[in-house]
Amino acid sequence: MHKKTISRLLLALFAVANISTACARTGEENQMIETTLAAGDSGKAVAKLEKSREEWKRLLTRQEYAVLFEEDTEYPRSSPLNHEKREGTFICAACYLPLFSSNAKYESGTGWPSFFQPLLKEHLGTDTDYKIGVARTEYHCARCGGHQGHVFDDGPKPTGLRYCNNGVALKFIPKGEPLPALRQ
């Protein structure tokens, strides 16, 4: 087996072992997540950014591209953003759309940056995936479609949700620094 294949298998086994109880949701729990995701949006649609896979490959690092557009997962505890404590905004690493405020970030103990709510609900899109054998709610940037992570119903108040994000899919902009213009 190739080293990359073995690494992916080990990562998948680790993920199953650590989140299987959080993943095995009932239809009612999935409905609660979808209802919470739909609540509180500004009503403004996010304009889509269309780029070819080749364009994204030129703009992003290999790891960013793998996570954002091949739905890979970074290793737990590998992102410096997991320990980011400053006030600021977390933006999509691909298109720079603001996704999370540091005010919604918390220590989940999972090894990935975690948030209890997005900055604006309409900045995230969701899909159901079965990649590890159980239904999970995958979320992605609504503008560029870049994979961010998965949302679970084991988070803190006020939402009870945990947006478990790949750190490499985000960039952090400290409070007081201007947000970059959206990538065109």
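Residue numbers (my numbering): 1 to 184. Cβ atoms here follow ideal geometry from the backbone N, Cα and C, with glycine treated the same way.
Count the other CB atoms within 10 Å of the CB of Y130; is the residue buried (16 or more) or exposed (fewer)? With fewer than 16 Cβ atoms within 10 Å of its Cβ, Y130 is classed as exposed.
When you compare only the Cα positions, how much space is there between E177 and T89? Taking the straight line from one Cα to the other gives about 10 Å.
Going by the CB atoms, is the gap between V67 and A181 shorter than 7 Å? No, the pair does not count as a contact, with Cβ atoms beyond the cut-off.
Looking at C-beta atoms only, is the number of pairs between the stretch 78-86 and the stretch 149-157 that lie closer than 8 Å three or more? The stretch 78-86 is not in contact with the stretch 149-157.
Return the chain-ordered list of same chain residues with a C-beta closer than 8 Å to the C-beta of N82, the five sequence neighbours on each side being excluded. Result list for N82: G111, W112, P113 and G167, in chain order.
Between which two residues does the beta strand (DSSP E) containing E138 stretch? Its beta strand (DSSP E) spans residues R136 to C141.
Would you give the residue range spanned by the alpha helix (DSSP H) that F69 belongs to? First-last of the alpha helix (DSSP H) with F69: R62 to E70.
Between which two residues does the alpha helix (DSSP H) holding K57 run? For K57, the enclosing alpha helix (DSSP H) has its first and last residue at R53 to L59.
Expected contact under 8 Å - CB spacing of F69 and G146 to nearest Å: With a Cβ gap of about 6 Å, F69 and G146 count as contacting.
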